[in-house]
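Okay, so the sequence shown: first residue is 416 according to my numbering, each after it adds one. Yeah, the Cβ is synthetic: ideal placement off N, Cα and C, and Gly gets one too.
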Amino acid sequence: MDFGAMFRGKHNPPKDTNPSFAGRTIVVTGSNTGVGFEASVKFVQLGAARVILAVRSIKKGEDARMQIEQRTGRKGVAEVWELDMLDYGSIKAFAARVDEEVERLDIAVLNAGIFMATFQKSSYGWEKVLQVNVLSTSLLGLLLLPKLKASKTADFTPVLELVSSGNHFNVTTLATDPDSGAAGPLETYNHPATFNAITQYNISKLFLEYGHAGLAALATSPATGKPDVTVVSICPGATKSNLARDNTAWYMRAALFIFALLFQRSTEEGARTYISGAALGEKGHGQFWQDDRISEPAPLLSGEKGEKLQAQVWHEIVVALQKDVPEVDGLLKASG
Ligand SMILES: NC(=O)c1ccc[n+]([C@@H]2O[C@H](COP(=O)([O-])OP(=O)(O)OC[C@H]3O[C@@H](n4cnc5c(N)ncnc54)[C@H](OP(=O)(O)O)[C@@H]3O)[C@@H](O)[C@H]2O)c1
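Right, dumping it as structure tokens:
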């Protein structure tokens, strides 16, 4: 971790931009709290027509909706829809509802994400951080792409914004080699033996970047080489939120309190990047946006090795999803 960069980041927050989202329909997952909540406040303030709060607890979502209405003075813009990123049935039902009940989908912010202090598996056999941050996020992206593509107009390219983390730059080696023929990276990090809470979170965001590249390729028109949907990934920087809630030990809470004081931006400051990222336009396609700039790719995302790893992890993501969600086949064919 680069504490110097985080300290400077806290004292140099991203710009608070004010693009208009007038008339836009926007989905924000995991928007009942944290950075997703503050970004939803901003989307409503900036004129969006509909902001769908995609949350796993309707009660928490309704509380968030009421707070958004109080803070923005705009009623009837935010809506609460159920989405549980640990349940493929819920993800499919959510995407189907978007398809049926939303005339056009302009922006989807896939923000729901977790940090886990201990190794736990989802009902699909995947470690939960990999499940939510990588597999379920990729699945929801795949399921929403057709609606986003269909919403493109002559003067607007819809946006799929993946909330990643700059921490993926901290991963400079993996316990697997793309040429070894052994278990792929996703499989390798699905074991208690390779689990370290901080590393697992960082690795999940690296793998999400491989998913990002896969989704960006599917969203690029083969005819023109231009995006039908801008697929951009972003990072709010170290930001106050509930992300570390799974760390319940008193000494971890104490360390996190000090970490927050020294290094974390306010939640509102972190959310600024969601807004500027969503307004980047096609230049953001396939790019990583943090601190008001597009970054060079991380070490494990560049060069021949990066390409091999991307292909390998994207393949693992697709195969894992195909196993439990047969519809993925059709989505890949439709986009290919
Ligand atoms: N805060 C930072 O410093 C930071 C830095 C870089 C990137 N990020 C990323 O920013 C995103 C937002 O995180 P945050 O910091 O705002 O954390 P947070 O306060 O914990 O918010 C996370 C959100 O995700 C939701 N979520 C978790 N599991 C879910 C599931 N199975 N189904 C549906 N929703 C689920 C949570 O809902 P519940 O409240 O119901 O659990 C909550 O709304 C994450 O992707 C995180 O990795 C954060």
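Which residue marks the beginning of the beta strand (DSSP E) containing residue i, and which one marks its end?
{"i": "R486", "result": "Unbroken run through R486 is the alpha helix (DSSP H), I473 to T487; no beta strand (DSSP E)."}
{"i": "T440", "result": "T440 to T444"}
{"i": "L525", "result": "I522 to L525"}
{"i": "E494", "result": "A493 to E497"}
{"i": "L468", "result": "R465 to V470"}
With DSSP as the reference, identify every bridge partner of residue i, one or two as the case may be.
{"i": "P642", "result": "T635"}
{"i": "K457", "result": "DSSP lists no partner for K457."}
{"i": "T432", "result": "T432 pairs with nothing; no bridge assigned."}
{"i": "L575", "result": "A523 and V646"}
{"i": "W541", "result": "According to DSSP, which records beta bridges pairwise, W541 is partnered with nothing at all."}
{"i": "R708", "result": "Q705"}
{"i": "K562", "result": "Paired residues: none, contrary to the question."}
{"i": "K536", "result": "E542"}
Out of the options, which one is the CA nearest neighbour of residue i?
{"i": "G699", "options": "L715, L623, V644 and F622", "result": "V644"}
{"i": "R489", "options": "F571, A464, D707 and F418", "result": "A464"}
{"i": "A469", "options": "L715, G528, Q460 and A634", "result": "G528"}
{"i": "F622", "options": "K655, C650 and L724", "result": "L724"}
{"i": "P434", "options": "L461, A511, L715 and L747", "result": "L461"}
{"i": "R512", "options": "L559, G718 and K475", "result": "L559"}
{"i": "T487", "options": "T609, F452, G424 and T614", "result": "F452"}
{"i": "F509", "options": "Q482, R471 and E484", "result": "R471"}
{"i": "G424", "options": "D739, S691 and Q679", "result": "Q679"}
{"i": "P573", "options": "G504, I473, I441 and E742", "result": "I441"}
{"i": "D514", "options": "L525, S505 and P561", "result": "P561"}
{"i": "D521", "options": "G476, V443 and F610", "result": "V443"}
{"i": "H627", "options": "L577, A532, S636 and D739", "result": "L577"}
{"i": "N585", "options": "A735, P642 and P712", "result": "P712"}
{"i": "K475", "options": "V743, E497, Q485 and K457", "result": "E497"}
{"i": "I618", "options": "G581, D744 and A653", "result": "G581"}
Alpha carbon to alpha carbon, how far is residue i from residue j?
{"i": "S710", "j": "A597", "result": "31 angstroms"}
{"i": "A659", "j": "S579", "result": "16 angstroms"}
{"i": "S681", "j": "H426", "result": "10 angstroms"}
{"i": "P607", "j": "Y616", "result": "14 angstroms"}
{"i": "P600", "j": "V733", "result": "13 angstroms"}
{"i": "V647", "j": "G445", "result": "18 angstroms"}
{"i": "H583", "j": "T552", "result": "16 angstroms"}
{"i": "S537", "j": "F703", "result": "28 angstroms"}
{"i": "E516", "j": "G491", "result": "16 angstroms"}
{"i": "V459", "j": "V549", "result": "28 angstroms"}
{"i": "Y625", "j": "L715", "result": "10 angstroms"}
{"i": "D478", "j": "I467", "result": "14 angstroms"}
{"i": "E602", "j": "Q727", "result": "11 angstroms"}
{"i": "R480", "j": "D499", "result": "18 angstroms"}
{"i": "N447", "j": "K748", "result": "34 angstroms"}
{"i": "F530", "j": "K543", "result": "9 angstroms"}
{"i": "A631", "j": "W665", "result": "42 angstroms"}
{"i": "T639", "j": "F534", "result": "44 angstroms"}
{"i": "M667", "j": "A420", "result": "22 angstroms"}
{"i": "G701", "j": "Y689", "result": "16 angstroms"}
Within 7 angstroms (strictly less), CB to CB, does residue i reach chain B?
{"i": "R512", "result": "Looking at the structure shown, chain B is missing, and only one protein chain is on hand."}
On the three-state DSSP scale, how would you describe residue i?
{"i": "K655", "result": "coil"}
{"i": "R512", "result": "helix"}
{"i": "F703", "result": "strand"}
{"i": "K490", "result": "coil"}
{"i": "T591", "result": "coil"}
{"i": "K425", "result": "helix"}
{"i": "K567", "result": "coil"}
{"i": "R660", "result": "coil"}
{"i": "S580", "result": "coil"}
{"i": "M667", "result": "helix"}
{"i": "L695", "result": "coil"}
{"i": "T609", "result": "helix"}
{"i": "A675", "result": "helix"}
{"i": "N548", "result": "helix"}
{"i": "N447", "result": "coil"}
{"i": "F622", "result": "helix"}
{"i": "L630", "result": "helix"}
{"i": "D356", "result": "As displayed, the chain neither begins before 416 nor continues past 751, which places residue 356 out of reach and without an answer."}
{"i": "V743", "result": "helix"}
{"i": "A420", "result": "helix"}
Quick one: give me the first and last residue of the alpha helix (DSSP H) that residue i is part of.
{"i": "R680", "result": "That residue, R680, is in no alpha helix (DSSP H); it is neither H nor E in DSSP."}
{"i": "E722", "result": "G718 to D739"}
{"i": "L601", "result": "P600 to T603"}
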